[in-house]
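Engineer: The structure is given below, and queries will be raised subsequently.
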Amino acid sequence: MNIELRPLDKSEEEIFVRENQIAFDKAAIEEFGPQKESVIDRKTIEECLHGKFADAFRIIADGKAVGGVIVDIHPDTQRNELNLLYINPDCHSQGIGQTVWRMIEAKYPDTKVWETHTPYFEKRNIHFYVNKCGFHIVEFYNPHHPEPREETCDTPGGEY
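Okay, so the sequence shown: first residue is 1 according to my numbering, each after it adds one.
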(Lines of atoms letter the chains of each structure in order from A and count residues from 1; the text may use other names and numbers.)
(Lines give C-alpha, C1' and ligand atoms only; values in the text may rest on other atoms or scores of the structure.)
Protein backbone atom coordinates (compact mmCIF):
# COMPACT_ATOMS: atom_id res chain seq x y z
CA MET A 1 0.00 0.00 0.00
CA ASN A 2 1.34 3.44 -0.96
CA ILE A 3 0.72 5.96 1.84
CA GLU A 4 1.44 9.67 1.66
CA LEU A 5 0.86 12.77 3.76
CA ARG A 6 -0.50 15.66 1.74
CA PRO A 7 -0.80 19.14 3.28
CA LEU A 8 -4.46 19.89 3.95
CA ASP A 9 -5.92 22.34 1.45
CA LYS A 10 -8.32 24.95 2.82
CA SER A 11 -11.01 23.63 0.46
CA GLU A 12 -10.81 20.24 2.25
CA GLU A 13 -11.39 21.54 5.78
CA GLU A 14 -15.11 20.75 5.89
CA ILE A 15 -14.68 17.11 4.87
CA PHE A 16 -11.67 16.84 7.21
CA VAL A 17 -13.82 17.97 10.16
CA ARG A 18 -16.68 15.61 9.28
CA GLU A 19 -14.46 12.57 8.66
CA ASN A 20 -12.65 13.26 11.92
CA GLN A 21 -15.95 13.32 13.81
CA ILE A 22 -17.11 10.08 12.19
CA ALA A 23 -13.86 8.30 13.11
CA PHE A 24 -13.87 9.58 16.71
CA ASP A 25 -17.58 8.88 17.21
CA LYS A 26 -17.22 5.21 16.26
CA ALA A 27 -15.46 4.25 19.51
CA ALA A 28 -17.89 6.21 21.68
CA ILE A 29 -20.89 4.61 20.00
CA GLU A 30 -19.37 1.14 20.41
CA GLU A 31 -18.64 1.81 24.10
CA PHE A 32 -21.69 3.83 25.18
CA GLY A 33 -24.27 3.62 22.40
CA PRO A 34 -25.52 6.50 20.25
CA GLN A 35 -24.59 9.98 21.49
CA LYS A 36 -26.53 13.24 21.16
CA GLU A 37 -23.50 15.09 19.84
CA SER A 38 -20.17 14.25 18.29
CA VAL A 39 -17.43 13.18 20.69
CA ILE A 40 -15.22 15.90 19.23
CA ASP A 41 -16.94 19.14 18.35
CA ARG A 42 -16.29 21.23 15.28
CA LYS A 43 -14.80 24.07 17.35
CA THR A 44 -12.12 21.80 18.83
CA ILE A 45 -11.08 20.50 15.41
CA GLU A 46 -11.05 23.98 13.89
CA GLU A 47 -8.95 25.32 16.79
CA CYS A 48 -6.45 22.53 16.14
CA LEU A 49 -6.47 23.23 12.39
CA HIS A 50 -5.89 26.95 12.78
CA GLY A 51 -3.49 26.90 15.72
CA LYS A 52 -0.34 28.99 15.48
CA PHE A 53 1.94 25.95 15.38
CA ALA A 54 -0.36 23.56 13.47
CA ASP A 55 0.58 21.44 10.48
CA ALA A 56 -2.37 19.53 9.02
CA PHE A 57 -2.29 16.71 6.50
CA ARG A 58 -4.62 14.41 4.62
CA ILE A 59 -3.63 10.76 4.71
CA ILE A 60 -3.72 9.27 1.23
CA ALA A 61 -3.53 5.49 0.69
CA ASP A 62 -3.27 4.25 -2.87
CA GLY A 63 -4.60 7.58 -4.14
CA LYS A 64 -7.63 7.66 -1.81
CA ALA A 65 -8.09 9.96 1.20
CA VAL A 66 -8.38 7.70 4.26
CA GLY A 67 -7.70 10.02 7.18
CA GLY A 68 -5.96 13.05 8.53
CA VAL A 69 -3.50 14.30 11.10
CA ILE A 70 -2.76 17.59 12.86
CA VAL A 71 0.47 18.19 14.74
CA ASP A 72 1.71 21.25 16.61
CA ILE A 73 5.39 21.86 15.95
CA HIS A 74 7.40 23.96 18.42
CA PRO A 75 10.92 24.40 17.02
CA ASP A 76 12.02 26.44 20.05
CA THR A 77 11.34 23.65 22.56
CA GLN A 78 11.24 20.60 20.26
CA ARG A 79 8.33 19.34 22.40
CA ASN A 80 5.70 18.69 19.76
CA GLU A 81 2.13 17.53 20.00
CA LEU A 82 0.03 15.08 18.07
CA ASN A 83 -3.33 16.86 18.27
CA LEU A 84 -5.50 14.70 16.06
CA LEU A 85 -4.94 11.54 14.08
CA TYR A 86 -7.84 9.74 12.49
CA ILE A 87 -8.21 6.90 10.04
CA ASN A 88 -11.49 6.11 8.30
CA PRO A 89 -12.97 3.22 10.34
CA ASP A 90 -13.29 1.13 7.15
CA CYS A 91 -9.49 1.32 6.83
CA HIS A 92 -8.54 0.30 10.38
CA SER A 93 -6.18 -2.63 11.03
CA GLN A 94 -4.25 -2.18 7.80
CA GLY A 95 -1.14 -0.61 9.31
CA ILE A 96 -1.97 2.85 7.96
CA GLY A 97 -1.86 4.62 11.32
CA GLN A 98 1.48 3.12 12.28
CA THR A 99 2.97 3.98 8.89
CA VAL A 100 1.66 7.54 9.18
CA TRP A 101 3.13 7.91 12.64
CA ARG A 102 6.56 6.78 11.39
CA MET A 103 6.23 9.32 8.55
CA ILE A 104 5.43 12.09 11.04
CA GLU A 105 8.44 11.14 13.16
CA ALA A 106 10.66 11.22 10.06
CA LYS A 107 9.22 14.56 8.95
CA TYR A 108 10.10 16.19 12.30
CA PRO A 109 13.42 14.54 13.26
CA ASP A 110 14.43 17.29 15.71
CA THR A 111 11.54 16.47 18.02
CA LYS A 112 12.74 15.56 21.50
CA VAL A 113 9.31 14.72 22.94
CA TRP A 114 5.98 13.95 21.33
CA GLU A 115 2.86 14.44 23.45
CA THR A 116 -0.71 13.38 22.80
CA HIS A 117 -3.87 12.57 24.72
CA THR A 118 -6.80 10.24 24.29
CA PRO A 119 -9.92 9.46 26.36
CA TYR A 120 -9.81 6.55 28.79
CA PHE A 121 -12.48 4.61 26.87
CA GLU A 122 -10.46 4.67 23.63
CA LYS A 123 -8.82 1.31 24.25
CA ARG A 124 -8.00 0.90 20.57
CA ASN A 125 -6.18 4.26 20.57
CA ILE A 126 -4.36 3.51 23.81
CA HIS A 127 -3.13 0.22 22.32
CA PHE A 128 -2.08 2.03 19.14
CA TYR A 129 -0.19 4.83 20.86
CA VAL A 130 1.51 2.69 23.51
CA ASN A 131 2.10 -0.64 21.78
CA LYS A 132 2.49 0.42 18.15
CA CYS A 133 3.95 3.94 18.32
CA GLY A 134 5.99 3.78 21.53
CA PHE A 135 4.23 6.48 23.53
CA HIS A 136 4.34 6.22 27.33
CA ILE A 137 1.40 6.99 29.58
CA VAL A 138 2.63 9.63 32.00
CA GLU A 139 -0.60 10.91 33.48
CA PHE A 140 -4.20 9.72 33.88
CA TYR A 141 -6.70 12.51 34.38
CA ASN A 142 -9.82 11.64 36.37
CA PRO A 143 -12.07 13.26 39.02
CA HIS A 144 -9.35 12.74 41.66
CA HIS A 145 -6.63 14.12 39.38
CA PRO A 146 -8.28 16.63 37.00
CA GLU A 147 -6.66 17.96 33.87
CA PRO A 148 -4.98 21.30 34.61
CA ARG A 149 -6.92 23.49 32.22
CA GLU A 150 -9.83 25.80 32.74
CA GLU A 151 -12.38 24.38 30.33
CA THR A 152 -13.93 21.00 31.00
CA CYS A 153 -15.03 18.42 28.49
CA ASP A 154 -18.08 16.22 28.63
CA THR A 155 -16.63 12.76 28.24
CA PRO A 156 -19.04 10.23 26.71
CA GLY A 157 -20.12 7.79 29.38
CA GLY A 158 -19.14 10.26 32.09
CA GLU A 159 -15.89 10.50 33.94
CA TYR A 160 -13.91 7.40 34.90
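Even glycine gets a Cβ: it sits at the ideal position worked out from N, Cα and C.
Ends of the alpha helix (DSSP H) at Val17?
Structural biologist: Numbered from 1 along the sequence shown, position 17 holds the residue referred to as residue 17. Val17 -> alpha helix (DSSP H) spans 13-32.
Engineer: So, with DSSP's three-state summary, where would you put Ile40?
Structural biologist: Looking up residue 40 in the sequence shown gives position 40. Three-state DSSP puts Ile40 in coil, outside helix and strand.
Engineer: Distance check for Pro146 and Ile60, CA to CA, integer angstroms please.
Structural biologist: Against the sequence shown, residue 60 aligns to sequence position 60. Against the sequence shown, residue 146 aligns to sequence position 146. One C-alpha to the other measures close to 37 Å.
Engineer: Can you have a look at Gly33 and say buried or exposed, based on whether 16 or more other CB atoms are within 10 angstroms of its CB?
Structural biologist: The count along the sequence shown starts at 1 and reaches residue 33 at position 33. That one is exposed.
Engineer: For Gly67 and Gly97, I'd like the C-alpha separation in whole angstroms.
Structural biologist: Here residue 67 refers to the residue found at position 67 when the sequence shown is read from its first residue. Here residue 97 refers to the residue found at position 97 when the sequence shown is read from its first residue. Computed Cα separation, rounded: 9 Å.
Engineer: Throw me the rounded Cβ distance for the Asp72 and Gly51 pair, which I believe falls under 8 Å.
Structural biologist: As a working note, residue 72 is residue 72 in the sequence shown. As a working note, residue 51 is residue 51 in the sequence shown. Right, the Cβ-Cβ distance comes to about 6 Å (below 8 Å), so this counts as a contact.
Engineer: Going by alpha carbons, who is nearest to Ile45 out of Lys132, Asn83, Ser93, Pro75?
Structural biologist: As a working mapping, residue 45 is identified with position 45 in the sequence shown. Checking every option, the nearest Cα to that of Ile45 belongs to Asn83.
Engineer: Determine the DSSP secondary structure at Ala61, reduced to helix, strand or coil.
Structural biologist: Sequence index remark: in the sequence shown, residue 61 carries index 61 (1-based). Strand at Ala61.
Engineer: Could you give the distance in angstroms between the alpha-carbon of Glu31 and the alpha-carbon of Arg42?
Structural biologist: Within the sequence shown, the letter at position 31 stands for residue 31. Within the sequence shown, the letter at position 42 stands for residue 42. Going from the Cα of Glu31 to the Cα of Arg42 covers about 21 Å.
Engineer: Could you compute how far the alpha carbon of Pro109 sits from the alpha carbon of Pro75?
Structural biologist: For this step, residue 109 is matched to residue 109 along the sequence shown. For this step, residue 75 is matched to residue 75 along the sequence shown. Approximately 11 Å, taken between the alpha carbons.
Engineer: Is Thr116 near Gln78, with beta carbons less than 7 Å apart?
Structural biologist: To locate residue 116, count along the sequence shown from 1; it is residue 116. To locate residue 78, count along the sequence shown from 1; it is residue 78. Result no, Cβ atoms of Thr116 and Gln78 do not sit closer than 7 Å.
Engineer: Straight-line CA distance for Phe53 to Val17?
Structural biologist: Residue numbering aside, residue 53 sits at position 53 when the sequence shown is read from its first letter. Residue numbering aside, residue 17 sits at position 17 when the sequence shown is read from its first letter. Roughly 18 Å between the two C-alpha positions.
Engineer: List in chain order: all unbroken alpha helix (DSSP H) runs of 4+ residues lying wholly within the region 44-121.
Structural biologist: Whole alpha helix (DSSP H) segments, 4+ residues: 96-107.
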